[in-house]
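Residue numbers (the numbering used here): 4 to 152. Please read the structure below before turning to the comments.
Listed below in structure tokens is the structure:
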């Protein structure tokens, strides 16, 4: 697990370095790409989709809005709710994000042939599925005693 964690951290650092040259901070790319796939999400939907807490997403949305990449619009259905949209500048920036992702991926996979890359993807998918599985509820005391027999 230590090697997996270290590799993930190095990959994120390499990507963050590339993204910074385009004016993005770590994590902002995930919001931008999520909106590119499905524009007009609420902050709560975005937080859920990328796996962060709502206060974190709010700060990042505000920063991206300040940079001119995003805009908030009041929901047509619920005036208390805002939806987040890419601006034209944001749409143009998606290409830079995707280019940074491709270059980082190319660096990470350097020296691995297609078969090795496919095997790695399968193994990582299996690990992800294992770790994201719903944990079983704790056993009751009488069930523990039954297991011991």
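All C-beta atoms, glycine included, are put in the ideal place defined by N, C-alpha and C.
Cβ atoms of residue 31 and residue 63 come within 8 Å of each other, at about 6 Å.
Under the three-state reduction of DSSP output, residue 33 falls in the helix class.
The segment 34–49 and the segment 86–95 touch, with three or more beta-carbon pairs separated by less than 8 Å. Here the segment 114–124 makes no contact with the segment 67–79; the two share fewer than three CB pairs at distances below 8 Å. Linking residue 49 to residue 135 through their CA atoms gives a straight-line distance of about 19 Å. Assignment of residue 133 by DSSP, reduced to helix, strand and coil, places it in the helix class. In the three-state reduction of the DSSP assignment, residue 79 falls in the coil class. The closest CA to that of residue 35, considering only 101, 11, 10, 108, is found on 101. In this structure, DSSP gives residue 68 a helical state, which the three-state scheme calls helix. Assignment of residue 73 by DSSP, reduced to helix, strand and coil, places it in the strand class. The beta carbons of residue 107 and residue 14 sit about 7 Å from each other, so the pair counts as a contact at 8 Å. Burial state of residue 46 is buried, judged by a 10 Å Cβ sphere holding 16 or more other Cβ atoms. For residue 110, the uninterrupted alpha helix (DSSP H) segment begins and ends at 91–111.
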